[in-house]
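Student: Going by the UniProt record's numbering, the sequence shown opens with residue 1, and the numbers climb by one from there. Starting off with a structure, shown below.
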Amino acid sequence: MADIARLAGVSASTVSRALSGSPLIPEATRERIAELARSLNYQVNVGAANLRKRDIQTVGIVILGDSMQTISDPFILNILGAVADALDERGMSLLLTRLNQERQGQMAAMVDSGQVAGLIVIGQLTWHDYLNELARRGIPMAVWGACLPDAFYSTVGGDNASGGYLATRHLLLQGARRIAFFGDTSHPEAGLRYQGYVRALGEAGLQPDPRLHQPFLFGDRRIRQVIDLWLDQKLDFDAIFASSDIAAISLIGALQERGLEVPRDVRVVGYDDITLSTYLHPSLTSVRQPTIVAGRALVELLFEAIAGQPRRTVMLPAELVVRDSTA
1 MADIARLAGV SASTVSRALS GSPLIPEATR ERIAELARSL NYQVNVGAAN
51 LRKRDIQTVG IVILGDSMQT ISDPFILNIL GAVADALDER GMSLLLTRLN
101 QERQGQMAAM VDSGQVAGLI VIGQLTWHDY LNELARRGIP MAVWGACLPD
151 AFYSTVGGDN ASGGYLATRH LLLQGARRIA FFGDTSHPEA GLRYQGYVRA
201 LGEAGLQPDP RLHQPFLFGD RRIRQVIDLW LDQKLDFDAI FASSDIAAIS
251 LIGALQERGL EVPRDVRVVG YDDITLSTYL HPSLTSVRQP TIVAGRALVE
301 LLFEAIAGQP RRTVMLPAEL VVRDSTA
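Here it is in structure tokens:
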């Protein structure tokens with residue numbers, strides 16, 4: 001700011017007022033100062049301003065951009081709503097952003113600049129190593145995702161392995177023996193759900209059939225194309241465990257269009273227990289993720305990180321909600 005003031009021939013306080021858009025500074029002077037700031041790659045340090053006020057009232061919520069899940073995805077909205085409510089109770093606001101790999105560095109910049117007090121990150125995907133790097137740097141954050149043993153950051157997540165086990169065991173107890181799995185095992189959460197699926201099959205003396213595993217990323221808009229291509233193979237299966245409710249709902253629709261009745265011909269279990277699961281026909285059996293508890297836990301862990309307290313992991317229990325799709 002002192003450099004800009006010297007080049008513009010004005011005081012530092014004038015530069016400060018001009019960059020904040022003060023009408024007390026003539027427009028021509030504001031434009032000249034803004035141009036100098038741009039040429040020097042100068043950015044207003046929001047943190048400095050907030051530090052003068054002795055407080056930062058905003059938390060950054062980051063949706064990882066290499067996920068195919070949109071912000072309007074029902075499960076994402078449930079998590080965001082729970083986080084927003086928990087922040088509101090603390091008198092805090094949120095800044096929501098979606099970042100892809102090319103803009104990765106903005107996560108640290110949001111905190112370093114003082115724009116936000118810390119970060120709540122939704123998902124992990126291929127970002128696990130980078131999130132660890134930020135944690136080592138001291139960036140305060142809490143992450144929704146799989147509870148990975150080598151994480152240096154605080155994590156809130158469901159017991160995905162247990163959820164996958166409960167879903168598959170339930171299908172086995174209903175008499176299913178050829179159970180398909182829909183989900184991308186390279187995704188940390190879906191990978192753990194698959195582990196639970198394999199465990200339940202093993203206990204029943206069954207081996208997973210690779211032909212009955214269909215990789216599918218959360219939120220992929222090509223879901224019906226993927227499902228139709230898979231069904232065209234006319235594989236032998238009597239049940240499907242889908243790693244998300246959206247995939248399960250799409251599967252039920254595709255099966256019904258082909259004359260297969262759920263649950264008479266094929267039993268289907270989803271994951272997340274979004275509100276829509278209750279109102280489908282047939283209603284969807286699903287593994288519930290307690291989003292209200294998750295949102296509060298994310299905010300609590302973030303404030304612990306801001307206060308410099310040790311990293312913590314909160315693993316939420318999995319609960320199978322049985323409905324008509326497996327009855």
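Virtual Cβ for every residue (Gly too), placed ideally from N, Cα, C.
(1) Look at the Cβ atom of F237, then the Cβ atom of A167, and state whether they are nearer than 8 Å.
(2) What separation, rounded to the nearest whole angstrom, lies between the Cα atoms of L96 and A5?
(3) Below 7 Å CB to CB, which residues in the same chain sit around S250 once its five sequence neighbours on both sides are set aside?
(4) Please classify V322: does DSSP put it in a helix, a strand, or coil?
(5) Assuming V268 and S325 form a contact by the criterion Cβ under 8 Å, report the distance between their Cβ atoms to the nearest whole angstrom.
(6) CB P310 to CB D159, shorter than 8 Å?
(7) How many angstroms separate the CA atom of T291 from the CA atom of V266?
(8) If we count the other Cβ atoms within 10 Å of its Cβ and call it buried at 16 or more, is P188 buried or exposed?
(9) How many whole angstroms separate the CB atoms of A142 and S154, which I take to be in contact at a CB cut-off of 8 Å?
(10) Determine whether the beta carbon atoms of V299 and L87 lie at a separation below 8 Å.
(11) For Q195, which residues in the same chain have their Cβ closer than 7 Å to its Cβ, ignoring the five residues on either side in sequence?
(12) Threshold first: 4 residues or longer. Then list the alpha helix (DSSP H) segments lying entirely within the region 176 to 211, N to C.
(13) Is it the case that the Cβ atoms of L231 and A254 are separated by a distance below 8 Å?
(14) Which residue from Q174, L206, F303 puts its Cα closest to that of A327?
(15) What is the rounded straight-line gap between the Cα of S277 and the Cα of T29?
(16) With respect to the alpha helix (DSSP H) encompassing S250, which residues constitute its N-terminal and C-terminal limits?
(17) Which whole-angstrom value is the C-beta distance of D85 and G295, which I expect to be below 8 Å?
(18) Which one or two residues does DSSP pair with G308 in a beta bridge?
(19) Could you check if L131 is buried or exposed, using at least 16 other CB atoms within 10 Å of its CB as the buried criterion?
(20) Please report how far the alpha carbon of F303 lies from the alpha carbon of I76, in whole angstroms.
(21) Report yes or no: do three or more beta-carbon pairs, one from the region 92 to 107 and one from the region 31 to 43, lie closer than 8 Å?
(22) Secondary structure at M92, three-state DSSP: helix, strand or coil?
(23) Tell me whether residue 329 sits in a helix, a strand or coil according to DSSP, three-state version.
Tutor: Working from what's here:
(1) At a Cβ-Cβ threshold of 8 Å, F237 and A167 do not count as neighbours.
(2) Near 34 Å, if we compare the C-alpha coordinates of A5 and L96.
(3) Excluding the 5 residues flanking it on each side, S250 has same chain C-beta neighbours closer than 7 Å at I223, R224, I227, in chain order.
(4) V322: coil per DSSP, three-state reduction.
(5) Right, their Cβ atoms sit about 5 Å apart.
(6) No, the Cβ-Cβ distance between P310 and D159 is not below 8 Å.
(7) Take the alpha-carbon of T291 and the one of V266: they are about 29 Å apart.
(8) Classification for P188: buried.
(9) S154 and A142 do touch by the CB rule: their CB atoms are close to 5 Å apart, below 8 Å.
(10) In contact: V299 and L87 (Cβ atoms closer than 8 Å).
(11) Scanning its chain for C-beta atoms nearer than 7 Å, with the 5 sequence neighbours on each side dropped, one finds around Q195 the residues A161, G164, in chain order.
(12) The region 176 to 211 contains these whole alpha helix (DSSP H) runs: 188 to 203.
(13) In contact: L231 and A254 (Cβ atoms closer than 8 Å).
(14) Of Q174, L206, F303, the residue nearest in Cα terms is Q174.
(15) Separation of S277 and T29 (C-alpha to C-alpha, rounded to the nearest whole angstrom) is 59 Å.
(16) Where S250 is concerned, the enclosing alpha helix (DSSP H) starts and stops at 245 to 257.
(17) Indeed they touch by this definition, with Cβ atoms about 7 Å apart.
(18) BP columns for G308 are empty, so no partner.
(19) Under this definition L131 is a buried residue.
(20) Rounded to whole angstroms, F303 to I76 spans 21 Å at the Cα level.
(21) Contact fails: fewer than three Cβ-Cβ distances are below 8 Å.
(22) It is coil, neither helix nor strand.
(23) Outside the shown range of the chain (1 to 327) lies residue 329, about which nothing can therefore be said.
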